[in-house]
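Working notes, beginning with the structure itself.
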Amino acid sequence: MLTDVGLVAATRVGREVRYEAVGARLSEVARRLDGIAAGWERRLARIKDAVEQDG
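If you count the sequence shown from 1, position 48 lands on 57 in my numbering, and the numbers rise without skipping.
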């Protein structure tokens, strides 16, 4: 599955298959996850503020 989306490259060496991370693709995924995490942090901060105002 990870090879299908380009996150790892597979190379057959005899009977073995060796996997290697594709750095550029992993960096792209990390950037996207950072954006998602930042959005969740903002949402959680708003929830916390709302609870503290009501409490």
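Note that beta-carbon positions come from the ideal geometry of N, C-alpha and C, so glycine has one too.
Near the ligand FMN: residue i beta-carbon under 7 angstroms from a heavy atom
{"i": "Trp49", "result": "Absent from the structure shown: the ligand FMN. Ligands present: none."}
Cut-off 7 angstroms between Cβ atoms - residues of its own chain near residue i, not counting five sequence neighbours on either side
{"i": "Arg34", "result": "Gly15, Leu16"}
Whole-angstrom distance between residue j and residue i, CA atom to CA atom
{"i": "Gly48", "j": "Thr20", "result": "37 angstroms"}
{"i": "Asp63", "j": "Arg52", "result": "17 angstroms"}
{"i": "Ala38", "j": "Ala59", "result": "Residue 38 is actually Val in this sequence, not Ala. If I take the Cα positions, the gap works out to 32 angstroms."}
{"i": "Glu50", "j": "Arg24", "result": "46 angstroms"}
{"i": "Arg55", "j": "Ile45", "result": "16 angstroms"}
Limits of the beta strand (DSSP E) - the one that residue i falls within
{"i": "Arg27", "result": "25-30"}
{"i": "Val14", "result": "Unbroken run through Val14: none, as it is neither H nor E."}
Neighbourhood of residue i by C-beta, 6 angstroms cutoff - its chain only, sequence neighbours within 5 removed
{"i": "Arg27", "result": "Thr20"}
{"i": "Ala30", "result": "Val17"}
Any chain C beta carbon closer than 8 angstroms to residue i
{"i": "Ser36", "result": "Going by chain labels, chain C is absent from the structure shown, which holds only one protein chain."}
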